[in-house]
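Undergrad: For the sequence shown, the UniProt record's numbering gives the first residue as 1, with consecutive numbering after it.
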Amino acid sequence: MDQSLNVFVTVAEKKNFSRAAEDLHMTQPAVSQYIRSLEETMDVRLLERTNKYVRLTKAGEIVYHHAKEIVGLYGRMHHLVNDLSHEASGKLSIGASYTFGEYVLPHMLARLLVDYPRIQPEVTIGNTAEIADLIISRQLDVGIVEGRFKENQTLATQAFAEDRMILVASSDHPLALKTEMIEWRELEDLTWIIREEGSGTREAVEAVFERFSINPARTMQFSSTQPIKEAVEAGLGVSLLSEWAVQKEIRYGDLVQLSVEGLPFVRQFSIVTSSPYQTKALQVFLELLLTNYELTLFREK
């Protein structure tokens, strides 16, 4: 691989020649020479640089996008060849949507590293749409998502586990004391705390709204699950969340599950990959994901 691409990506991400040189274990003049060589090859200026900043030009943004993918592909090619004669090891780039990434994945990685301590997981957490885009651009080896995303021929998906979505409220909410089944019309006048567009949890909430023909009087949006739980606990409203995400809060009485006809709402967690070639590190991780017994253990803790 052309080393100048790797140097360019590092400078673009560090936004500083000195920090890039330190990260690459090079001298600053050597880094500058690689950048000049790449700009001469491309016949265009890729970086705007002054004493105060280094930033990408429009052409630089295009080169960075593709160089990032090339560097990633080269690294994966190297790992695949190395895997032919070695045990599972090396970098494993995992993307996960918030629910799985925050509440299930850490436990799975802990189990993985007991058996394969030489694997080096790198985790990116984002909503379903973001993770799918990173898989398409080959910046991640595998993604675990719970929502639908735009169709793409390069992606392979496999459902592997169910997630149960339940309606939760604060422990002192009026509906928390209700013993009989709650009707949907009682929920329409409440404030619903929901996730942002593009998240699998938001998709599930909208599916529930459509299924039971309700139009909430008010919604409040947050970009991750933790502040939603805090908002519900503070009495700001109710929320439809993964059973995994609220286990501790329900156990300690901070939140309560409301009994509503038609719930829990069940959705699928899916594995998303883009390359037919898999490193040993990815293979053993996928084997762990596909062991539903392990997922059941996490829910019961």
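Ideal Cβ positions, reconstructed from N, Cα and C, are used throughout, including at glycine.
With respect to 7 Å, is the separation between the Cβ of Leu190 and the closest non-hydrogen atom of the ligand NAP below this value?
TA: What this structure holds is no ligand at all, so the ligand NAP is not there to describe.
Undergrad: Which partner residues does Ala96 have in the DSSP bridge list?
TA: Taking the sequence shown and counting its residues from 1, the one referred to as residue 96 is at position 96. The partner list for Ala96 (beta bridge, DSSP) reads Ile125 and Ile144.
Undergrad: Helix, strand or coil: which one does DSSP assign to Asp163?
TA: Position 163 of the sequence shown, counted from the first residue, corresponds to residue 163. Asp163 falls in the strand class under three-state DSSP.
Undergrad: If I measure Cβ to Cβ from Gly198 and keep anything under 6 Å in the same chain, skipping five residues before and after, which residues do I get?
TA: As a working mapping, residue 198 is identified with position 198 in the sequence shown. Within the same chain, Gly198 has close Cβ partners Asn127 and Ala129.
Undergrad: Determine the DSSP secondary structure at Leu105, reduced to helix, strand or coil.
TA: Here residue 105 refers to the residue found at position 105 when the sequence shown is read from its first residue. Three-state result, Leu105: helix.
Undergrad: Quick one: give me the first and last residue of the alpha helix (DSSP H) that Phe149 is part of.
TA: Mapped onto the sequence shown, residue 149 falls at position 149. Per DSSP, Phe149 belongs to no alpha helix (DSSP H) and is neither H nor E.
Undergrad: My understanding is that Leu47 touches Ile35, with C-beta atoms under 8 Å, so please give their C-beta distance in whole angstroms.
TA: Start at 1 with the first residue of the sequence shown, and residue 47 comes out as number 47. Start at 1 with the first residue of the sequence shown, and residue 35 comes out as number 35. Right, the Cβ-Cβ distance comes to about 6 Å (below 8 Å), so this counts as a contact.
Undergrad: Could you give the uninterrupted runs of the alpha helix (DSSP H) lying entirely in the region 192-250, keeping only those of 4 residues or more?
TA: Entirely contained in the region 192-250, the alpha helix (DSSP H) runs reaching 4 residues are, in chain order, 200-211 and 225-233.
Undergrad: So what's Leu289 in DSSP terms, helix, strand or just coil?
TA: Working through the sequence shown from its first residue, we reach residue 289 at position 289. Three-state DSSP puts Leu289 in a helix.
Undergrad: Could you give the C-beta distance for Leu92 and Pro121, rounded to a whole number, given that I count them as a contact under 8 Å?
TA: Within the sequence shown, residue 92 is the residue found at index 92, counting from 1. Within the sequence shown, residue 121 is the residue found at index 121, counting from 1. The Cβ separation is near 5 Å, so the contact holds.
Undergrad: Round the Cβ separation of Pro264 and Arg164 to the nearest angstrom and send it over; I've been treating them as touching at under 8 Å.
TA: Working through the sequence shown from its first residue, we reach residue 264 at position 264. Working through the sequence shown from its first residue, we reach residue 164 at position 164. Between Arg164 and Pro264 the Cβ distance is about 4 Å, and since that is below 8 Å, they are a contact.
Undergrad: Report the residue ranges of all alpha helix (DSSP H) runs contained in full by the region 245-285; include only those spanning at least 4 residues, in chain order.
TA: You should have 247-251.
Undergrad: Could you spell out where the beta strand (DSSP E) holding Glu183 opens and where it closes?
TA: By one-based count along the sequence shown, residue 183 stands at place 183. No beta strand (DSSP E) contains Glu183, which DSSP labels as neither H nor E.
Undergrad: In whole angstroms, what is the alpha-carbon distance linking Met42 and Phe149?
TA: Within the sequence shown, residue 42 is the residue found at index 42, counting from 1. Within the sequence shown, residue 149 is the residue found at index 149, counting from 1. Computed Cα separation, rounded: 35 Å.
Undergrad: Counting beta carbon pairs with one atom in the region 94-108 and one in the region 63-71, are three or more of them shorter than 8 Å?
TA: Taking 8 Å as the limit for Cβ pairs, the verdict is that the region 94-108 does not touch the region 63-71.
Undergrad: Is the beta carbon of Phe160 closer than 8 Å to that of Leu288?
TA: As a first step, residue 288 must be located in the sequence shown, where it is residue number 288. As a first step, residue 160 must be located in the sequence shown, where it is residue number 160. No, the Cβ-Cβ distance between Leu288 and Phe160 is not below 8 Å.
Undergrad: Indicate whether Glu210 and Arg202 have their beta-carbon atoms separated by less than 8 Å.
TA: As a working mapping, residue 210 is identified with position 210 in the sequence shown. As a working mapping, residue 202 is identified with position 202 in the sequence shown. Against a cut-off of 8 Å, the Cβ pair of Arg202 and Glu210 comes out as no contact.
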